[in-house]
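Asks:
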């Protein structure tokens with residue numbers, strides 16, 4: 001009598017992690033997301049560890065979450081995972097401001113963004 005089970009949002013050989021309300025602009029976050037797209041997860045983790053960007057630490061946390069989801073929830077092999085997709089979306093913008101000359105108001109936007117990482121299990125060719 002209960003509800004039907006929700007269909008999976010990703011394929012059987014994929015897992016996903018989403019991070020919301022990241023305090024950076026989507027443009028800056030996309031620079032770090034481009035760094036890991038299409039790479040094997042162990043190589044992507046190394047690249048994020050040694051990146052000089054501040055937001056790389058949060059991206060690394062999201063990637064580790066996607067790897068853990070793949071291993072624990074979907075039973076995928078961690079050694080064969082590849083970052084299939086890493087895309088960035090806009091979130092809210094806090095509007096702040098400071099007084100400027102001649103009674104004007106300088107608007108300062110403080111944007112938030114969100115990150116979605118999908119990892120896919122790919123069998124290596126012999």
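Numbering (the UniProt record's numbering), first residue to last: 1 to 126.
A virtual CB, placed ideally from N, CA and C, is assigned to each residue, including glycine.
Taking the alpha helix (DSSP H) that residue 43 falls in, what are its first and last residues?
Replies: Here the alpha helix (DSSP H) through residue 43 covers 41-49.
Asks: Apart from the five residues on each side of it in sequence, which residues of its chain come closer than 7 angstroms, Cβ to Cβ, to residue 20?
Replies: Hits under 7 angstroms: 91, 114.
Asks: For the segment 35-46 and the segment 106-113, state whether three or more C-beta atom pairs, one from each stretch, are separated by less than 8 angstroms.
Replies: Judged by Cβ distances under 8 angstroms, the segment 35-46 makes no contact with the segment 106-113, as fewer than three pairs qualify.
Asks: Identify the residues that DSSP records as bridge partners of residue 105: which are they?
Replies: The partner list for residue 105 (beta bridge, DSSP) reads 99.
Asks: Going by DSSP in three states, residue 11 sits in which element: helix, strand or coil?
Replies: DSSP places residue 11 in coil when its eight states are reduced to three.
Asks: Between residue 69 and residue 33, which are expected to be in contact by the criterion C-beta below 8 angstroms, what is the C-beta distance as a whole number of angstroms?
Replies: Going by Cβ atoms, the distance from residue 69 to residue 33 rounds to 18 angstroms, so no, they are not a contact pair.
Asks: In its own chain, which residues sit with a C-beta less than 6 angstroms from the C-beta of residue 89, not counting the 5 before and 5 after it?
Replies: If we look at residue 89 and ignore the five residues flanking it on each side, its Cβ neighbours are 114.
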